[in-house]
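Chains as they are written, first to last, in this note's numbering: chain A, 3 to 229; chain B, 3 to 229.
All C-beta atoms, glycine included, are put in the ideal place defined by N, C-alpha and C.
A quick note: this is a predicted structure, and the numbers were derived from the prediction, not measured.
What follows is a short report on a single structure.
Number of protein chains: 2
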Amino acid sequence: MIKLYELAGAEENRRFSPYCWRIRMSLAHKGLAVDCLPWRFTEKEKIKFSGQERVPVLVDGDHTVSDSWQIAKYLEAEYPDAPSLKLENGEVLFVKFWAETVMNPLLVKFLLLDIHDSLTAKDKIYFRDSREKLFGKTLEEIVEGREERMPDFHKTLTPLRLTFKKQQFVAGGSPGFSDYIVFGAFQWARCISDFSLLQPDDPIYEWRQQMLRLHDGLAGNAVGYSV
Amino acid sequence: MIKLYELAGAEENRRFSPYCWRIRMSLAHKGLAVDCLPWRFTEKEKIKFSGQERVPVLVDGDHTVSDSWQIAKYLEAEYPDAPSLKLENGEVLFVKFWAETVMNPLLVKFLLLDIHDSLTAKDKIYFRDSREKLFGKTLEEIVEGREERMPDFHKTLTPLRLTFKKQQFVAGGSPGFSDYIVFGAFQWARCISDFSLLQPDDPIYEWRQQMLRLHDGLAGNAVGYSV
C-alpha cells in the first residue's frame with residue numbers, strides 16, 4: 003500500500019499540513035488506499051531517505067516522492083486511468099502560486115500560535131524558535147490583532163469568491179488539484195484553530211462545505227474544529 | 003466576415019481596450035479573419051443593436067455577441083475545429099477574476115490620464131466626467147505618484163512571475179484564453195501610455211514579448227508605445 007508521511011500534532015491524528023492535505027485529497031480522488039504515517043517537525047531522521055526534510059513524502063513501492071506538486075504529477079503519470087487531477091490545465095500553477103504567495107502568508111499570521119499550541123513539547127520548542135527567527139517577532143506578536151486583519155483577508159479572496167459564483171469548483175464542474183491546493187489551506191486552519199475564517203453567506207464557505215463532504219467526508223471527519 | 007466593434011482613440015487605429023484585445027488575440031488564435039470597426043465611448047447608438055452599451059461586440063453572420071467572456075465561449079462552441087482557447091480549464095475563470103479585480107484596478111490608476119489624452123475631444127469630456135465621478139477625484143489626482151506605487155504592482159504580479167519561471171504560458175506550453183486575459187491588460191497600457199510597467203529581467207517581460215510576437219506580431223505591430 004502507498005505510504006504517506008504526514009505532519010501531526012501532539013495528538014497523533016491531528017494532521018494539519020496544507021501540503022499534506024493536497025495529497026490526502028488527491029489520493030482519495032484517485033481512489034488509492036494509503037497508510038498515513040504521523041511525522042513531527044523534529045523527526046528529520048525519519049524521512050532522511052527521501053533526500054530532503056519536509057513532508058509530504060510519498061512511498062509507492064520502489065518510488066519515493068516528496069513535494070506536493072511533484073507527488074501530484076507522479077500520481078497523474080503513474081495512475082492515468084484513475085480520475086484526473088486536471089494537472090494538464092496550465093492555470094493550476096497560477097492558482098498554486100497565488101495560494102502560496104498571497105493567501106497562505108495571510109493565513110499563517112492568523113494561525114502561528116494555534117499551530118504551536120497543537121504540537122508536541124519537542125516540536126513546540128523547534129517551531130517557536132524557527133518561526134520567531136523567520137518573522138523577527140514572537141508568535142504572540144505576529145498573531146495579535148488578527149480579527150482586524152480579517153477584512154483584508156476576505157478582500158484577498160475576491161477572485162476565488164467570484165469564481166464560485168459562476169462554477170462549483172476552481173477546476174470547473176468537478177474538483178481538481180487546484181481545488182485541493184486552495185482547500186488544503188482552509189483545512190490547515192480548520193485542523194488546528196477555532197478561529198473562524200468564513201461566514202456561511204460566503205460562496206467560498208459553501209464550496210468548502212462541499213470539499214469537506216468529498217470522498218466520504220475525508221476532510222470533514224478529520225480531527226479539527228467545526229468552524 | 004466576422005465584424006468586431008473595438009474601442010478606438012482619437013487616432014482611429016489606436017485600439018486599446020483590454021477586453022477587445024482578448025478577442026483580437028482569440029480570433030487570430032483560431033485563424034479567423036475579422037473586420038475591426040472603431041468605436042468610441044460616446045457612440046452608444048452604434049452598438050445599440052447588441053442590447054448593451056460596451057465593446058467588444060462581435061457580429062458573426064446572424065449572431066451578435068457582447069462581453070469578452072461570452073464571445074470567447076461563442077468562438078469555442080462555433081469553431082470547435084480551430085485551435086482551442088482552453089476555456090474548458092475551470093481555472094481560467096479564476097485568472098479572469100484575478101486580472102479584473104486585482105491587477106486591472108492597480109493598472110487603471112496608472113493609466114487614466116493617458117487614456118484620457120488618447121481620446122477624441124467628445125470622448126475626453128465623457129471619460130473625465132464619468133471616471134472622476136466614479137473615483138471621487140480628478141484624473142490628475144488619481145494618477146499622481148504612480149511611480150511610487152510600482153513596487154506594490156510588481157509584488158501583486160508574483161503568482162504570474164512564478165508561473166513563468168516554470169512554464170511558457172499561463173495556459174501551459176501553449177497560449178490560451180487565460181494568456182489573452184492577462185496580456186490584454188498589458189496591451190491596454192502599451193497602446194495608450196509610455197509608462198513602463200515591466201523590466202527586461204522580469205519573466206513577465208519575456209512572456210509579454212512572446213505574446214507581442216504571436217500571430218505574426220498582431221499585438222506588437224499595433225499602434226502603441228515601445229515600452
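Original post:
When DSSP labels each residue in this structure, what does V61 (chain B) get in the three-state scheme?
Top reply: By 1-based counting over the second sequence, the position of residue 61 (chain B) is 59. V61 (chain B) falls in the strand class under three-state DSSP.
Subject >> Residue range of the alpha helix (DSSP H) that includes D37 (chain A) >> reply: One-based indexing of the first sequence puts residue 37 (chain A) at position 35. Judged by DSSP secondary structure, D37 (chain A) falls outside any alpha helix (DSSP H) and instead within the beta strand (DSSP E) spanning V36 to W41.
**OP:** Please classify V229 (chain A): is it buried, with 16 or more other beta-carbons within 10 angstroms of its beta-carbon, or exposed?
**Re:** Along the first sequence, read from residue 1 onward, the residue named residue 229 (chain A) stands at position 227. Answer is exposed; the Cβ neighbour count stays below 16.
Original post:
Is E208 (chain A) helix, strand or coil when you go by DSSP?
Top reply: Residue numbering aside, residue 208 (chain A) sits at position 206 when the first sequence is read from its first letter. Helix at E208 (chain A).
**OP:** Please list the residues of the stretch 101 to 116 of chain A that have a C-beta atom closer than 7 Å to any C-beta atom in chain B, keeping them in chain order.
**Re:** T103 and V104
**OP:** Establish whether the CB of K88 (chain B) and some CB of chain A are separated by less than 9 Å.
**Re:** Along the second sequence, read from residue 1 onward, the residue named residue 88 (chain B) stands at position 86. K88 (chain B) counts as touching chain A.
Subject >> Residue interval of the alpha helix (DSSP H) (run including L29 (chain A)) >> reply: Walking along the first sequence from the start, residue 29 (chain A) turns up at place 27. Counting along the chain, the alpha helix (DSSP H) containing L29 (chain A) begins and ends at P20 to H31.
Original post:
So, is the C-beta of L200 (chain B) closer than 9 Å to a C-beta in chain A?
Top reply: On the second sequence, residue 200 (chain B) is found 198 positions in, with the first residue counted as 1. False, the Cβ-Cβ gap to chain A never drops below 9 Å.
**OP:** Give a yes or no on whether 9 Å exceeds the smallest Cβ distance from Q169 (chain A) to chain B.
**Re:** Here residue 169 (chain A) is taken as the residue at index 167 of the first sequence, counted from 1. Yes, Q169 (chain A) counts as interfacial toward chain B.
Original post:
Under 9 Å, do W209 (chain B) and W23 (chain B) count as touching if we go by C-beta distance?
Top reply: In the second sequence, residue 209 (chain B) corresponds to position 207, counting from 1. In the second sequence, residue 23 (chain B) corresponds to position 21, counting from 1. No. Outside cutoff.
**OP:** Check the Cβ-Cβ distances between F99 (chain A) and every residue of chain B, and say whether any is below 9 Å.
**Re:** Against the first sequence, residue 99 (chain A) aligns to sequence position 97. Yes, its Cβ sits closer than 9 Å to a Cβ of chain B.
Original post:
Distance, Cα to Cα, E90 (chain A) vs F99 (chain A)?
Top reply: Mapped onto the first sequence, residue 90 (chain A) falls at position 88. Mapped onto the first sequence, residue 99 (chain A) falls at position 97. Between E90 (chain A) and F99 (chain A), the C-alpha separation is close to 16 Å.
Subject >> Residues that DSSP places opposite K5 (chain A) in a beta bridge >> reply: The residue given as residue 5 (chain A) occupies position 3 in the first sequence. Bridge partners of K5 (chain A): A:D37 and A:V61.
Subject >> Identity of the residue in B:E14, B:V36, B:Q54 and B:K32 nearest L216 (chain B) by Cα >> reply: Mapped onto the second sequence, residue 216 (chain B) falls at position 214. The shortest CA-to-CA distance from L216 (chain B) to any of B:E14, B:V36, B:Q54 and B:K32 is the one to B:K32.
**OP:** Go to V110 (chain B), then tell me how far its alpha helix (DSSP H) extends in each direction, as first and last residue.
**Re:** The residue given as residue 110 (chain B) occupies position 108 in the second sequence. N106 to S120 is the span of the alpha helix (DSSP H), which, as asked, contains V110 (chain B).
**OP:** Determine, using beta carbons only, whether A173 (chain B) comes closer than 9 Å to chain A.
**Re:** One-based indexing of the second sequence puts residue 173 (chain B) at position 171. Taking CB atoms only, A173 (chain B) has a neighbour in chain A less than 9 Å away.
Subject >> C-beta contact flag for D116 (chain B) and F197 (chain B) at 9 Å >> reply: Taking the first residue of the second sequence as 1, we reach residue 116 (chain B) at position 114. Taking the first residue of the second sequence as 1, we reach residue 197 (chain B) at position 195. Yes, Cβ-Cβ distance for D116 (chain B) and F197 (chain B) is below 9 Å.
Original post:
Would you say S180 (chain A) faces chain B, with C-beta separation under 9 Å as the test?
Top reply: Stepping through the first sequence from its first residue, residue 180 (chain A) is reached at position 178. At least one chain B Cβ lies under 9 Å of S180 (chain A).
Original post:
Do you know offhand how far Y128 (chain A)'s Cα is from A173 (chain B)'s?
Top reply: By 1-based counting over the first sequence, the position of residue 128 (chain A) is 126. By 1-based counting over the second sequence, the position of residue 173 (chain B) is 171. Rounded to the nearest angstrom, the two C-alpha atoms are 40 Å apart.
Original post:
If you check the beta carbons only, do F112 (chain A) and R148 (chain A) fall under 9 Å apart?
Top reply: If you number the first sequence from 1, residue 112 (chain A) lands on position 110. If you number the first sequence from 1, residue 148 (chain A) lands on position 146. Yes. Within cutoff.
Original post:
Taking the Cβ atom as the reference point for each residue, do F18 (chain A) and C193 (chain A) lie within a distance shorter than 9 Å?
Top reply: Along the first sequence, read from residue 1 onward, the residue named residue 18 (chain A) stands at position 16. Along the first sequence, read from residue 1 onward, the residue named residue 193 (chain A) stands at position 191. For F18 (chain A) and C193 (chain A), yes; Cβs fall inside 9 Å.
Subject >> Option nearest R107 (chain A) by Cα separation, candidates A:V94, A:E80, A:Y76 and A:V145 >> reply: Position 105 of the first sequence, counting from 1, holds the residue named residue 107 (chain A). According to the sequence as given, residue 107 (chain A) is Pro; it is not Arg. For the residues A:V94, A:E80, A:Y76 and A:V145, the minimum Cα distance to P107 (chain A) belongs to A:V145.
Original post:
Would you report the Cα separation of D64 (chain B) and S28 (chain B), rounded to the nearest angstrom?
Top reply: As a working note, residue 64 (chain B) is residue 62 in the second sequence. As a working note, residue 28 (chain B) is residue 26 in the second sequence. C-alpha separation (whole angstroms): 20 Å.
Original post:
List, in order along the chain, the chain B residues whose C-beta lies closer than 7 Å to that of P161 (chain A)?
Top reply: Position 159 of the first sequence holds residue 161 (chain A). Going along chain B in sequence order, the residues near P161 (chain A) (Cβ under 7 Å) are F96, F99, W100, T103 and V104.
Original post:
What are the residues that DSSP puts in a beta bridge with S68 (chain A)?
Top reply: Position 66 of the first sequence, counting from 1, holds the residue named residue 68 (chain A). Looking at the DSSP assignment, S68 (chain A) forms a beta bridge with A:V59.
**OP:** Provide the residue span of the alpha helix (DSSP H) that contains V97 (chain A), from first to last.
**Re:** The residue you call residue 97 (chain A) lines up with position 95 of the first sequence. V97 (chain A) -> alpha helix (DSSP H) spans E93 to W100.
**OP:** Check the Cβ of N91 (chain B) against every Cβ in chain A and list those closer than 7 Å, keeping chain order.
**Re:** Within the second sequence, numbered from 1, the residue matching residue 91 (chain B) stands at position 89. Within chain A, the residues near N91 (chain B) are N91 and E93.
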